[in-house]
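Visitor: In terms of our numbering, the sequence shown opens at residue 3 and continues consecutively.
In this text, a Cβ means the ideal position worked out from N, Cα and C, and glycines have one as well.
As the structure is a computational prediction, the values presented were derived from the model and not from experiment.
Quick one: the structure is below, questions incoming.
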Amino acid sequence: MPPPSTSVTSAFVLLVLGMAALFVSATWRAGRRLGEPPRETAGWTLLSAGVIALVMGLTGIFAARGAFADMRSAPPDIFKAILPTVALTFVLAFSRFGDRLVRGLSLSALIGFQVFRIPVEWVLWALHREGALPIEMTFEGLNFDILTGLSAPIVAWLAHKGRAAPALVATWNTIGLALLVTIVMVTNLSSPLFADVFRAEPRSTLITTAPYIWLPIVLVQAALLGHLLVYRRLRLPR
Numbered sequence: 003m004p005p006p007s008t009s010v011t012s013a014f015v016l017l018v019l020g021m022a023a024l025f026v027s028a029t030w031r032a033g034r035r036l037g038e039p040p041r042e043t044a045g046w047t048l049l050s051a052g053v054i055a056l057v058m059g060l061t062g063i064f065a066a067r068g069a070f071a072d073m074r075s076a077p078p079d080i081f082k083a084i085l086p087t088v089a090l091t092f093v094l095a096f097s098r099f100g101d102r103l104v105r106g107l108s109l110s111a112l113i114g115f116q117v118f119r120i121p122v123e124w125v126l127w128a129l130h131r132e133g134a135l136p137i138e139m140t141f142e143g144l145n146f147d148i149l150t151g152l153s154a155p156i157v158a159w160l161a162h163k164g165r166a167a168p169a170l171v172a173t174w175n176t177i178g179l180a181l182l183v184t185i186v187m188v189t190n191l192s193s194p195l196f197a198d199v200f201r202a203e204p205r206s207t208l209i210t211t212a213p214y215i216w217l218p219i220v221l222v223q224a225a226l227l228g229h230l231l232v233y234r235r236l237r238l239p240r
């Protein structure tokens, strides 16, 4: 498998850093909209920055050292990073931290946020074109996650105008979450562990390396967090 080009890797890193900055910015903005004391908002903002820096730093270092390289074990070593991160995502979504985001950000903002999945899909497609990922992980194969990104601005606009019924938003959110789960499953099936039952070349080992470990650790978790927050937002009194 040839290494990804510098240009694609740079684009990927910039996208991840942009999402990390957006996470911190959203935490700050939620506090401002809620009318929190400045010190309280600053505390939450620093917490969000610390969490994302710690997660990215630790996973990046371990990936660079090859800690997640064994993809033939059951479960693969990368699960040591992914499972705790998924747990953290649920904690953030259903804790006071998530409460702030749900109450402090508009429904349209929580929906429109998912537009970031368009550049993510472009990166995956570019990596496939360079021979670093199987076609099954792109929109030319079995990955239709880009549909969530393309539809997000439309649904967000409808929500902003008050024209999106809760049932519509819930349906869109559920489909988007299902598409996210689908590409996660395709990625797992494309790993060397399932080489005998699922044909995909090259096998998807790139996500065990730095900086691409941040695809499942940062970008997938960002999408998951967004979906969970939309569900919570829909449960608030109208």
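(1) I'd like the span of the alpha helix (DSSP H) that includes residue 190, first residue to last.
(2) Could you name each continuous alpha helix (DSSP H) segment of 4 residues or more that falls completely within the region 43-85, going from the start of the chain to the end?
(3) Relative to the C-alpha of residue 204, which residue among 213, 189, 212 and 216 is closest?
(4) Taking only three categories from DSSP, how would you classify residue 147?
(5) Quick check on the DSSP output: the alpha helix (DSSP H) that includes residue 233 runs from which residue to which?
(6) What separation, rounded to the nearest whole angstrom, lies between the Cα atoms of residue 20 and residue 193?
(7) Mark residue 42 as exposed unless 16 or more other C-beta atoms lie within 10 angstroms of its C-beta, in which case mark it buried.
(8) Under 7 Å Cβ to Cβ from residue 166, same chain only, skipping five residues before and after it: list those, please.
(9) Helix, strand or coil: how does DSSP classify residue 12 here?
(10) Assign residue 119 to one of two classes, buried (16 or more other C-beta atoms within 10 Å of its C-beta) or exposed (fewer than that).
(11) Quick one: what does DSSP say residue 215 is sitting in, helix, strand or coil?
(12) Just the C-alpha distance for residue 148 and residue 123, rounded to the nearest angstrom, thanks.
(13) Going by beta-carbon coordinates alone, are residue 113 and residue 15 separated by less than 8 Å?
(14) Between the region 210-218 and the region 76-85, are three or more C-beta pairs nearer than 8 Å?
(15) Just to confirm, are residue 4 and residue 128 a CB contact at a threshold of 8 Å?
(16) One question on the structure: do residue 256 and residue 116 come within less than 8 Å of each other, judged by their Cβ atoms?
(17) For residue 26 versus residue 51, is the C-beta spacing smaller than 8 Å?
(18) Since I believe residue 106 is in contact with residue 33 (beta carbons under 8 Å), could you give me their beta-carbon distance rounded to a whole number of angstroms?
(19) Tell me where the alpha helix (DSSP H) around residue 111 begins and ends.
(20) Between residue 224 and residue 237, what straight-line distance do the alpha-carbon atoms span, to the nearest angstrom?
(21) Would you mind working out which of 92, 40, 22 and 46 sits nearest residue 59, comparing C-alpha positions?
(22) What is the residue span of the alpha helix (DSSP H) that residue 103 lies within?
Guide: Quick look at the numbers:
(1) Locating residue 190 in the sequence shown gives position 188, counting from the first residue. Here the alpha helix (DSSP H) through residue 190 covers 168-191.
(2) Secondary structure remark: continuous alpha helix (DSSP H) runs of at least 4 residues inside the region 43-85: none found.
(3) For the purposes of this step, residue 204 is taken as the residue at position 202 of the sequence shown. Just measuring C-alpha positions, the residue of 213, 189, 212 and 216 sitting nearest residue 204 is 189.
(4) Translated into positions along the sequence shown, residue 147 becomes position 145. Residue 147: coil per DSSP, three-state reduction.
(5) Along the sequence shown, one-based indexing puts residue 233 at 231. Boundaries of the alpha helix (DSSP H) around residue 233: 222-236.
(6) Here the question's residue 20 lines up with position 18 in the sequence shown. Here the question's residue 193 lines up with position 191 in the sequence shown. Approximately 28 Å between the Cα atoms of the pair.
(7) Position 40 of the sequence shown, counted from the start, is the residue given in the question as residue 42. With fewer than 16 other Cβ atoms within 10 Å, it is exposed.
(8) Position 164 of the sequence shown, counting from 1, holds the residue named residue 166. Cβ within range, chain order: 157 and 160.
(9) Here residue 12 is taken as the residue at index 10 of the sequence shown, counted from 1. In the structure shown, residue 12 sits in a helix (DSSP, three-state: H, G or I).
(10) Here residue 119 refers to the residue found at position 117 of the sequence shown. Residue 119 should be labelled buried.
(11) Counted from its first residue, the sequence shown places residue 215 at position 213. Coil at residue 215, not helix or strand.
(12) Position 146 of the sequence shown, counting from 1, holds the residue named residue 148. Position 121 of the sequence shown, counting from 1, holds the residue named residue 123. Going from the Cα of residue 148 to the Cα of residue 123 covers about 6 Å.
(13) As a position in the sequence shown, residue 113 is number 111, starting the count at 1. As a position in the sequence shown, residue 15 is number 13, starting the count at 1. Inclusion of residue 113 and residue 15 in the CB contact set at 8 Å is not warranted, their separation being larger than that value.
(14) Yes: at least three Cβ pairs fall under 8 Å.
(15) Here residue 4 refers to the residue found at position 2 when the sequence shown is read from its first residue. Here residue 128 refers to the residue found at position 126 when the sequence shown is read from its first residue. Going by beta carbons, residue 4 and residue 128 fall outside the 8 Å limit.
(16) In this structure the chain extends from 3 to 240, so residue 256 is not present and cannot be described.
(17) In the sequence shown, the residue the question calls residue 26 occupies position 24. In the sequence shown, the residue the question calls residue 51 occupies position 49. Yes, these two residues count as a Cβ contact at 8 Å.
(18) Taking the sequence shown and counting its residues from 1, one reaches residue 33 at position 31. Taking the sequence shown and counting its residues from 1, one reaches residue 106 at position 104. The pair is a contact, with the Cβ atoms about 6 Å apart (cut-off 8 Å).
(19) On the sequence shown, position 109 is the one that residue 111 refers to. Counted as a single uninterrupted DSSP element, the alpha helix (DSSP H) harbouring residue 111 occupies residues 109-114.
(20) Sequence index remark: in the sequence shown, residue 224 carries index 222 (1-based). Sequence index remark: in the sequence shown, residue 237 carries index 235 (1-based). Roughly 20 Å separates the two Cα atoms.
(21) Indexing the sequence shown from 1 puts residue 59 at position 57. Among 92, 40, 22 and 46, the Cα nearest to that of residue 59 belongs to 22.
(22) Working through the sequence shown from its first residue, we reach residue 103 at position 101. Looking at the DSSP string, the run of the alpha helix (DSSP H) that includes residue 103 is 98-106.
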